[in-house]
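Q: Residue numbering for the sequence shown follows the UniProt record's numbering, beginning at 1 and increasing consecutively.
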Amino acid sequence: MNEIQGRRLAILTSGGDCSGMNSAICAVIKMALYKGLEAFVIREGFAGLLKGNRNQDILAAEEANLGQNALSYGCGDFFRLGDLGGGDSKFHDQYIIRVGWDDVRGWENQGGTLIGSARCKEFMSQEGRLQGAFNLISNGIDSLVVCGGDGSLTGADIFRNEWPSLVESLLKQDRITNEQATKFQYLHIAGLVASIDNDLTCTDLTIGSSTALLRISESLDSISSTASSHSRAFVIEVMGRHCGWLALMAATACGADYVYVPERPPPEDWRQHLRDSLLAIREKGKRKSIVIIAEGAIDVHLQPIKPSMVAEVLSQDLHLDTRVTTLGHTQRGGRPDANDRILATLQGIDALRALLEDEPGKPSYIIGIRKGRIKRLLLRESIQSNGLLAKAISDQRFEEALSHRGSDFRAGLDTFTYNAAAVPSMHEPSNTFRMGIMHVGAPAGGMNTATRTAVRFCLRRGHTPLLINNGFVGLLKDLVFKATWLRVDSWASSGGSELGVNRVLPNVDLHGVAKQLQKHNIQGLLIIGGFEAFTSIKILSEARPEFPALRIPLIGLPATLSNNVPMNEYSLGTYTSLDVLAHTCDMIIQSASASRNRVFVVEVQGGQCGFVAVMGALATSASIVYTPEEGVNLQQLNEDIQFLHRRFSQDPEFANDGRLVICNEKASSVYTAQMIAQIYGEEGRDDFDSRYESLSHVLQGGIPSPLDRVQASRLAVRCCEFLEQHAGSSCAWDPPSAMIAVRQAETIITPVAQMVDHADFANRRGTDFWWNQCKEYVEIISGRKFL
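1) Name the residue from G474, N431, L302 whose alpha carbon lies nearest to the alpha carbon of F398.
2) Tell me the DSSP secondary structure of D321 in three-state form.
3) Exposed or buried, E776, counting other C-beta atoms within 10 Å across all chains shown (16 or more means buried)?
4) When the Cα atoms are used, what is the spatial distance from P706 to E237?
5) Can you give the Cα-Cα distance for T584 and A280, rounded to whole angstroms?
6) Since I believe K286 is in contact with L486 (beta carbons under 8 angstroms), could you give me their beta-carbon distance rounded to a whole number of angstroms?
7) Compute the Euclidean distance between the alpha carbons of A311 and I115, then round it to the nearest angstrom.
8) Cα-Cα, which of V440, Y575, D157, L505 is closest to K362?
9) Please classify R452: does DSSP put it in a helix, a strand, or coil?
10) Taking the DSSP output, what are the residues bridged to Y260?
11) Using only the alpha-carbon positions, how far apart do L33 and Y570 sit?
12) Report buried or exposed for Q347, applying the criterion of at least 16 other Cβ atoms within 10 angstroms of its Cβ.
13) If I measure Cβ to Cβ from F159 and keep anything under 6 angstroms in the same chain, skipping five residues before and after, which residues do I get?
14) Would T767 be called buried (16 or more neighbouring beta carbons within 10 Å of its own) or exposed?
15) Distance, Cα to Cα, A582 vs T620?
16) Just tell me which of P424, S14, Q518 has its CA closest to the CA of C147.
17) In the structure shown, what three-state DSSP assignment does I305 receive?
18) Short check: CB of residue 788 to CB of S623, under 8 angstroms?
19) Got a sec? Which residues, its chain only, sit under 6 angstroms from H726 by beta carbon, not counting five neighbours each side?
20) For S692, does the three-state DSSP call read helix, strand or coil?
21) Tell me whether P265 sits in a helix, a strand or coil according to DSSP, three-state version.
22) How far does the beta strand (DSSP E) with F481 in it reach, from first residue to last?
23) Is the segment 413-431 touching the segment 247-260, taking contact as three or more C-beta pairs under 8 angstroms?
24) Pick out whichever of P429, T449, T627 has its Cα sitting closest to the Cα of Y671.
25) What residue from A133, P266, I679, T203 has the CA that sits closest to S169's CA?
26) Helix, strand or coil: how does DSSP classify G530 here?
27) On a Cα-Cα basis, can you pick out the residue from N469, I29, S490, S591 that is closest to D257?
28) Return yes when the Cβ of P704 is within less than 8 angstroms of the Cβ of S493, no when it is not.
29) Look at the alpha carbon of L378 and the alpha carbon of S195, and state the distance between them as a whole number of angstroms.
30) When you compare only the Cα positions, how much space is there between D103 and D657?
31) Exposed or buried, V480, counting other C-beta atoms within 10 Å across all chains shown (16 or more means buried)?
32) I'd like to check one pair, T750 with M615: are the Cβ atoms closer than 8 angstroms?
33) Could you tell me which residues DSSP puts in a beta bridge with T750?
34) So, does the CB of T576 fall closer than 8 angstroms to a CB anywhere in chain B?
35) Tell me the rounded alpha-carbon separation between G191 and E263.
36) Between N109, Y95, W101, which lies nearest to S138 when the distance is taken from Cα to Cα?
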């Protein structure tokens with residue numbers, strides 16, 4: 001008998017709720033069933049663990065109904081139709097409940113946690129943990145996944161370490177048998193970090209934080225327009241008692257003028273510094289003032305800085321019409337963004353794997369993300385390192401506190417300064433230069449944010465920024481203008497391309513391009529775009545022997561929803577397009593649910609790169625995904641149709657959920673998305689019908705995701721630093737040509753000559769598909785590999 005068979009796993013969510021928790025629950029439950037475990041959910045966190053089940057007869061009957069069919073709804077009527085808080089549900093007194101595959105279907109796009117979360121003081125006592133151990137053993141559960149913040153994970157670690165003594169106590173009290181004591185002598189535990197504050201130092205991003213940032217940014221974008229209309233000042237308080245991540249990232253994403261975070265208090269005379277900063281901004285002609293303050297903001301003496309104190313400076317000293325807004329719990333709510341859905345799913349999958357690989361003597365792990373990869377982190381050490389940061393702040397060792405937050409946080413502070421400061425730096429470089437900025441390719445979220453930061457960087461450092469409209473076509477038409485500080489002010493949250501963009505490459509007229517660069521004395525060129533940006537820099541570099549004006553440093557900033565730039569894992573626009581895709585598919589599923597058994601084949605952009613299709617399918621829990629890398633053939637279509645037949649045939653009568661199929665626009669030149677939908681409809685017969693939907697250019701538009709805005713600003717600063725370093729250098733006859741690439745969350749300046757060796761020019765993409773494994777995860781989560 002397989003040792004996995006018979007094992008039982010449970011998951012609970014504890015502490016504050018946040019978006020993405022439901023995706024984590026889905027991933028853990030489905031992965032457990034896929035691996036052959038029996039799966040349970042524990043309602044109301046550790047409080048539900050202590051309450052257990054008051055009527056075991058009901059649960060036993062439901063388990064009998066569930067039988068061996070892990071797809072069966074089992075308790076599904078409770079989760080789908082009953083009141084999760086109790087009410088008339090027959091599971092009112094049941095807190096540890098066995099679930100099947102379909103019990104958690106459709107949860108991924110729901111905010112909060114559908115199994116409930118509660119803070120439980122009783123669990124902090126040994127007596128409480130003893131009752132929790134009894135309830136787990138009574139239900140035959142030997143593996144536990146805890147999804148919550150540092151307090152919840154600390155409790156989980158204590159629980160696991162005490163487990164042998166708890167089992168021994170239960171045996172002495174005759175509450176469990178010798179057989180049970182032997183069988184459950186070891187508890188397997190894994191943690192998932194969920195916190196909107198992103199306040200755990202061991203992981204780069206926590207579940208729920210990117211959605212919270214999205215909620216804040218949506219609010220700030222709305223407030224910004226009314227602030228400008230009435231020439232008002234707004235002081236916005238956001239969550240973050242001990243961590244300023246939300247405040248800092250929101251300030252960067254939304255173009256705020258000042259920010260307060262606990263890790264770096266303002267100068268001692270912070271009121272005067274605030275007055276001087278905002279006065280300089282107002283003198284530039286800006287009509288609005290936005291100040292963001294984390295709820296845990298402090299001064300250098302650890303005294304709280306409250307929104308009312310900031311508002312007093314603005315209204316009384318600067319005589320600004322000032323309003324204070326506290327966003328409060330709106331930051332927690334709403335549907336999760338695509339990033340949280342993907343992050344929670346990938347972490348949930350690895351949590352299950354960590355449990356299966358666990359054995360006595362091994363430490364407990366939490367699943368986080370480091371350098372762009374899902375990583376297992378020692379639970380106890382992770383919690384302890386988090387305490388070091390709080391201690392550093394309380395001891396007024398703020399530089400040490402920043403070091404615990406990591407280099408990204410410190411870089412974020414510098415990036416914000418470049419964007420917000422309205423006066424030149426006191427430490428300007430000895431050599432200033434003229435920098436050209438242009439967009440090529442297709443529009444992508446974050447392009448304008450990157451341009452704004454590049455302009456502000458130049459002005460802050462004493463350089464001259466030149467905006468080139470309409471790419472190389474505009475350059476040839478002499479559409480080159482000197483940028484001012486105020487002109488780009490509103491571009492932080494602006495979608496599309498304010499400069500104009502097209503796919504024309506410089507070889508359309510290399511002589512004319514060189515002539516215009518020379519005419520405007522452009523000494524460094526920043527090109528923002530996708531594969532076209534990479535190709536343009538390659539063309540310009542190769543033409544240097546013939547045209548001296550091209551012997552300037554060149555750098556490209558990847559910006560394309562296709563994410564097809566060689567040797568690069570992230571391009572501006574990918575977060576935005578995935579958010580649009582997820583939101584649109586949520587509406588499509590809602591439409592499909594109104595009609596019995598419907599499949600929507602959704603066509604998405606991406607060129608010859610399947611990144612958007614695969615990651616979008618993971619975010620939306622699509623049933624099937626088609627990509628250019630693997631193509632489409634008749635055998636595959638037949639297997640997929642048979643899967644859909646099996647899948648729909650096992651749905652109960654009251655289930656009207658539709659299903660999604662994500663198809664890249666160039667997955668096949670013959671079996672197009674529209675044709676696939678027609679084939680599905682013809683072959684679905686009485687089990688299901690099919691519809692075709694094309695998202696097309698919808699994925700390019702809209703307000704950029706705050707994650708894209710933040711990344712755009714950071715990458716733009718690195719690009720400008722590169723051009724500043726090499727402009728006018730002694731090796732001007734052979735200056736560098738590069739793209740800034742993101743690999744494993746590190747920003748790396750990569751020579752274009754090196755990238756050529758990793759480029760597939762025929763298909764306009766790189767040769768390394770780091771995301772390809774996620775296609776397998778799509779098939780697991782959809783049940784494609786389960787049925």
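Even for Gly, the Cβ is constructed at its ideal location relative to N, Cα and C. These numbers were taken from a predicted model, which means no experiment stands behind them.
A: Looking at the atomic coordinates:
1) Comparing Cα positions, the closest option is L302.
2) Assignment of D321 by DSSP, reduced to helix, strand and coil, places it in the coil class.
3) Burial check for E776: the Cβ neighbour count within 10 Å stays below 16, so the residue is exposed.
4) Their Cα atoms are separated by approximately 18 angstroms.
5) Rounded to the nearest angstrom, the two C-alpha atoms are 42 angstroms apart.
6) Contact holds; Cβ gap of about 6 angstroms.
7) C-alpha separation (whole angstroms): 40 angstroms.
8) Selected option, being the one with the closest Cα: D157.
9) In the three-state reduction of the DSSP assignment, R452 falls in the helix class.
10) Bridge partners of Y260: I293.
11) Taking the CA atoms as reference points, L33 sits about 32 angstroms from Y570.
12) Burial call: buried.
13) Exclusion of the five residues before and after F159 leaves R129 as the residues of its chain whose Cβ lies within less than 6 angstroms of its Cβ.
14) Result: exposed.
15) Approximately 6 angstroms, taken between the alpha carbons.
16) Ranking the options by Cα distance to C147, first place goes to S14.
17) In the structure shown, I305 sits in coil (DSSP, three-state: anything other than H, G, I, E or B).
18) It is not possible to answer for residue 788, since the shown part of the chain is limited to 1 through 787.
19) Close CB contacts of H726 within its chain, under the 6 angstroms cut and outside five residues either way in sequence, are with P553, P735, P736 (chain order).
20) The question names Ser, but residue 692 in the sequence shown is Tyr. Y692 sits in a strand when the DSSP states are folded into three classes.
21) Three-state DSSP puts P265 in coil, outside helix and strand.
22) 480-482 is the extent of the beta strand (DSSP E) around F481.
23) The segment 413-431 and the segment 247-260 touch, with no fewer than 3 CB-CB distances between them shorter than 8 angstroms.
24) Closest by alpha carbon: T627.
25) Of the residues A133, P266, I679, T203, the one whose Cα lies closest to the Cα of S169 is A133.
26) Coil at G530, not helix or strand.
27) Looking only at N469, I29, S490, S591, the smallest Cα-Cα distance to D257 is reached by S490.
28) Closer than 8 angstroms, so yes.
29) S195 has its alpha-carbon roughly 18 angstroms from the corresponding atom of L378.
30) Straight-line Cα distance between these residues: approximately 12 angstroms.
31) Here V480 is buried, its C-beta having at least 16 other C-beta atoms within 10 Å.
32) For M615 and T750, no; Cβs fall outside 8 angstroms.
33) In the DSSP output, where bridge partners are listed per residue, T750 has M739.
34) Annotation note: the requested chain B is absent from the structure, which comprises a single protein chain.
35) Those two C-alpha atoms are separated by around 26 angstroms.
36) Residue Y95 is the option with its Cα nearest to S138.
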